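A.B. asks: In this note's numbering, the protein residues as written are 11 to 854.
We put the CB at the ideal spot given by N, CA and C, even for glycine.
Here the structure is a predicted model, which is why all the values come from computation and not from measurement.
This is the structure, below, for whatever I ask next.
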């Protein structure tokens, strides 16, 4: 169930005693606002109830946060603190700042300093990360790559060898200094009641200097001052209702070495760095120097009246945190086996990137760059974030979607943003039944899709790529494929009129038309639900026309691929995973879908292998676009000193949204074994990065041993939210909504995940589900009770409807061998079916 409807229990603080009370379940959404598709020039208004306040419908499952509340890790790029919000939205923040031995204050972008991500829950009941003063820009592998250049100078130019010789001693000295001066601290937080939070910082190294800071989170007028040796108190007027004045109190369990008040946060940072500063009542910091194993803890609260002083000791807070950690898997996504472990980490990673939009008072998921800034990202990233978050916390996912439309809606310069956000909204409906999301999104997206034919250069029904002059970095950006070589050689075709300033080109685009078809289908589905019969017929007809044209014009029979094609009839030859996108859009024929999988996806010379899916086929001349250094196998794709690899961006790197697009297409066409293999490999890649270096990066590398940090991951973008699509695939192998089938149904089971795997507490259709799938047995539990058990072989069940009150219960089952399936619905006798290998439709 959602974190906003499930009663959680934590330790409340009453006169120093521990009392069990229900935990707060969440925080408020703003009044319904307006949203626009970027550059569309038309507005769409949110429908009543979009904030989740309707009566008796699915909206009640995902109600907005109630005031007051506390939220760990609340703010973009700042993972070391918490937000507290009182009545009227009076807002306060606290954080543990680190100071390096060289005097550098780690305060702003904390992403490079995350050493390890611990357990993080969606509701804030537990949150743990390790912070370090070493941002790991220099690693043993970095130095090893330079040594490899010097060991094989014949493979490199004189300039590159000279650069490596110059850099090596500098890098070695810097690495030694980083190791010597590294300080690490473990931060833990737990919300304990409405508007209350406890936390601690434990040094993992000696001589670790930390500051416990209290300050206004968005430079709002507030007053902060020390009270006694261990306390900080503050007041602030509500930003939504200035008549509501909030009071904040922070009580530390240990006496700091010093407590200082500053005029504002900027002056505080000067003071922490040992510089001259202006004193005042704009922020307060307490300083501690901790030896390894030492802990400082706190209790903080926000209220309309001045909160009482806490009497908790360090031991009390530690026990509260330990209990919260032990309960972290209660009612939150988790599991066992490789898939289950990945699902648990997926929960932690997505919850780490939960953010609070202070302008619209909504939760949303930060995208990349270690946070993504103050606003939600308006490209396709945010659509994938919504889809992933639906499997973790539907309440935040729905808030995320609403926040997206509070802030203009999808970009039009990236023409897949509209289709992807339409798809995300449909997935939100199929998982939650929240009709208000469709009412919000449908009128905006109908206007978006009506603009897209302006990119049909020759008016044949298929869209061409928009023109961008810059060959690398710009071409392909219309689909987020920034420098994909498939777009390097198109030419400009001028046009008159249209709503967009870009000219047309001569390249008919497989990926763009696949997104176009997906959007048409999703709008047809939405129109049916909303009762727009004419719209449903219009968009279904558009999808049908695109299906015909795709197969008539963009299938290359000789190569067995859907390929981009120039208007003169010649083919654009580059082989990229967009050849599989017609499956995602529902435009491929079943026969051609099987050819794509058999001859290309599973071919190790193209897209198979351990690290998948490369963004250019391995045997394509454009793959990696750089030389291979055969004499230095460990750094085979190391291009030159100062370069990490030659497979960056869209010339070989494996991108999570590209993998997820291909995966969804495979599931759509019932290619379950191929889908399971892709999910398994993608999850393994993600787990390697998460477990070995503690990051979930923007993209991954398609060759083992390629990168100089010794794992298959890029080092630049370390907490990139769409990375979590990799483990989402194996989670959704076990249970997911079915966006192409019965909107009331779902699917579960797998034909190919290795071993036995369990995912538990998966939120779907207002219930908490658990699935265990192994070679011979699959069980499905709803709200802790077994409802389906299959014994004999692996199964995938689609369009599953288990609602005894409704009638018409059914599922479509695919099995690998003869299987006994028992369906148990409360209040009814069990239904037992003997199912042969293959496909069977069951009703009861």
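#1: Determine whether the beta carbon atoms of residue 401 and residue 362 lie at a separation below 8 Å.
#2: Do the segment 479 to 490 and the segment 549 to 561 make contact, defined as three or more Cβ pairs closer than 8 Å?
#3: Is it the case that the Cβ atoms of residue 135 and residue 76 are separated by a distance below 8 Å?
#4: Between the segment 513 to 524 and the segment 455 to 475, can you find at least three pairs of beta-carbon atoms closer than 8 Å?
#5: Just verifying my parser: in three-state terms, what is the DSSP assignment at residue 811?
#6: Fully enclosed by the segment 335 to 379, which beta strand (DSSP E) runs are 3 residues long or longer?
#7: Starting from residue 320, trace the beta strand (DSSP E) both ways and give me its first and last residue.
#8: Taking 7 Å as the limit between beta carbons, can you name the residues of its chain near residue 786, skipping five residues before and five after?
#9: State the Cα-Cα distance for the pair residue 259 and residue 481, rounded to the nearest angstrom.
#10: Considering only C-alpha positions, which residue in the set 526, 207, 270, 292 is nearest to residue 234?
#11: Spatial neighbours of residue 11 within its chain, please: CB distance less than 6 Å, with the 5 preceding and 5 following residues excluded, ordered by chain position.
#12: Taking only three categories from DSSP, how would you classify residue 296?
#13: Which residue from 469, 497, 462 puts its Cα closest to that of residue 479?
#14: Please state if the CB of residue 809 and the CB of residue 821 are separated by a distance shorter than 8 Å.
#15: Distance, Cα to Cα, residue 567 vs residue 633?
#16: What whole-angstrom Cβ distance do residue 536 and residue 390 have, given they're in contact under 8 Å?
#17: Given a cut-off of 8 Å on the beta-carbon distance, is the pair residue 763 and residue 509 in contact?
#18: Could you round the C-beta distance between residue 614 and residue 712 to whole angstroms and report it? I think they count as a contact, below 8 Å.
#19: To the nearest angstrom, how far is the alpha carbon of residue 175 from that of residue 150?
#20: For residue 788, which residues of its own chain have a beta-carbon under 6 Å away from its beta-carbon, when the five flanking residues on both sides are left out?
#21: List, from N- to C-terminal side, the beta strand (DSSP E) runs of 3 residues or more that fit wholly inside the segment 172 to 234.
#22: Assuming residue 207 contacts residue 92 under a Cβ cut-off of 8 Å, what Cβ separation, rounded to an integer in Å, is found between them?
#23: Considering only DSSP beta bridges, list what residue 792 is partnered with.
#24: Do you know offhand how far residue 448's Cα is from residue 734's?
#25: Under 6 Å Cβ to Cβ from residue 88, same chain only, skipping five residues before and after it: list those, please.
#26: How long is the line joining the alpha carbons of residue 780 and residue 835, rounded to whole angstroms?
#27: If we call anything under 8 Å between Cβ atoms a contact, is residue 192 one with residue 305?
#28: Please go through the segment 821 to 848 and give each complete beta strand (DSSP E) segment of 3 or more residues, from N-terminal end onward.
#29: Given a cut-off of 8 Å, decide if residue 196 and residue 137 are closer than it, judged by their beta-carbon atoms.
#30: When you compare each of 246, 441, 245, 368 to residue 811 by their alpha carbons, which one comes out closest?
#31: Classify residue 236: buried if its beta carbon has 16 or more other beta carbons within 10 angstroms, exposed otherwise.
#32: According to DSSP, is residue 594 part of a helix, a strand, or is it coil?
#33: With DSSP as the reference, label residue 113 as helix, strand or coil.
#34: Mapping DSSP to helix, strand and coil, what is residue 702?
#35: Compare the C-alpha of residue 252 against each of 239, 743, 230, 738 and name the closest.
#36: Nearest CA to the CA of residue 85: which residue from 374, 599, 277?
C.D. replies: To lay it out plainly:
#1: Residue mapping note: residue 401 aligns to position 391 of the chain shown, counting from 1. Residue mapping note: residue 362 aligns to position 352 of the chain shown, counting from 1. Cβ atoms of residue 401 and residue 362: not closer than 8 Å.
#2: no
#3: Taking the chain shown and counting its residues from 1, one reaches residue 135 at position 125. Taking the chain shown and counting its residues from 1, one reaches residue 76 at position 66. Not a contact, by the Cβ cut-off of 8 Å.
#4: yes
#5: Locating residue 811 in the chain shown gives position 801, counting from the first residue. Strand.
#6: 344 to 346, 364 to 367, 372 to 375
#7: Position 310 of the chain shown, counting from 1, holds the residue named residue 320. Per DSSP, residue 320 belongs to no beta strand (DSSP E) and is neither H nor E.
#8: Here residue 786 is taken as the residue at index 776 of the chain shown, counted from 1. Closer than 7 Å at the Cβ level, and outside the excluded window around residue 786, lie 801, 802, 803.
#9: Taking the first residue of the chain shown as position 1, residue 259 is located at position 249. Taking the first residue of the chain shown as position 1, residue 481 is located at position 471. Computed Cα separation, rounded: 56 Å.
#10: Position 224 of the chain shown holds residue 234. Nearest C-alpha to residue 234: 292.
#11: In the chain shown, the residue the question calls residue 11 occupies position 1. With a pLDDT of only 32 at residue 11, under the threshold of 50, the placement of this residue in the model should not be trusted, and no figure is reported.
#12: For the purposes of this step, residue 296 is taken as residue 286 along the chain shown, with counting starting at 1. In the structure shown, residue 296 sits in a strand (DSSP, three-state: E or B).
#13: Position 469 of the chain shown holds residue 479. Nearest of 469, 497, 462 to residue 479, Cα basis: 497.
#14: Residue numbering aside, residue 821 sits at position 811 when the chain shown is read from its first letter. Residue numbering aside, residue 809 sits at position 799 when the chain shown is read from its first letter. Going by C-beta atoms, residue 821 is nearer than 8 Å to residue 809.
#15: Residue 567 sits at position 557 when you count from the first residue of the chain shown. Residue 633 sits at position 623 when you count from the first residue of the chain shown. Roughly 23 Å separates the two Cα atoms.
#16: In the chain shown, counting from the first residue as 1, residue 536 sits at position 526. In the chain shown, counting from the first residue as 1, residue 390 sits at position 380. In fact, because the Cβ distance is near 19 Å, the residues do not count as touching under 8 Å.
#17: If you number the chain shown from 1, residue 763 lands on position 753. If you number the chain shown from 1, residue 509 lands on position 499. Contact: no.
#18: Translated into positions along the chain shown, residue 614 becomes position 604. Translated into positions along the chain shown, residue 712 becomes position 702. About 11 Å; that fails the 8 Å criterion.
#19: In the chain shown, residue 175 corresponds to position 165, counting from 1. In the chain shown, residue 150 corresponds to position 140, counting from 1. Computed Cα separation, rounded: 16 Å.
#20: Here the question's residue 788 lines up with position 778 in the chain shown. These residues qualify, in order along the chain: 759, 800, 805.
#21: 194 to 203, 206 to 213, 218 to 225
#22: Taking the chain shown and counting its residues from 1, the one referred to as residue 207 is at position 197. Taking the chain shown and counting its residues from 1, the one referred to as residue 92 is at position 82. Residue 207 to residue 92, Cβ: 5 Å. Contact.
#23: Position 782 of the chain shown, counted from the start, is the residue given in the question as residue 792. Residue 792 pairs with 779, 795.
#24: Here residue 448 is taken as the residue at index 438 of the chain shown, counted from 1. Here residue 734 is taken as the residue at index 724 of the chain shown, counted from 1. Whole-angstrom Cα-Cα distance: 25 Å.
#25: Here the question's residue 88 lines up with position 78 in the chain shown. 120.
#26: In the chain shown, the residue the question calls residue 780 occupies position 770. In the chain shown, the residue the question calls residue 835 occupies position 825. The alpha-carbon atoms of residue 780 and residue 835 are separated by roughly 16 Å.
#27: Along the chain shown, read from residue 1 onward, the residue named residue 192 stands at position 182. Along the chain shown, read from residue 1 onward, the residue named residue 305 stands at position 295. Contact flag unset, no.
#28: 829 to 833, 841 to 845
#29: The count along the chain shown starts at 1 and reaches residue 137 at position 127. The count along the chain shown starts at 1 and reaches residue 196 at position 186. Contact: no.
#30: Taking the chain shown and counting its residues from 1, one reaches residue 811 at position 801. Here the closest residue by C-alpha is 441.
#31: If you number the chain shown from 1, residue 236 lands on position 226. So residue 236 counts as buried.
#32: Locating residue 594 in the chain shown gives position 584, counting from the first residue. If DSSP states are grouped into helix, strand and coil, residue 594 belongs with the helices.
#33: If you number the chain shown from 1, residue 113 lands on position 103. Coil.
#34: Stepping through the chain shown from its first residue, residue 702 is reached at position 692. Residue 702 falls in the helix class under three-state DSSP.
#35: In the chain shown, residue 252 corresponds to position 242, counting from 1. Selected option, being the one with the closest Cα: 230.
#36: The sequence position of residue 85 within the chain shown is 75, counting from 1. Cα-wise, what sits closest to residue 85 is 374.
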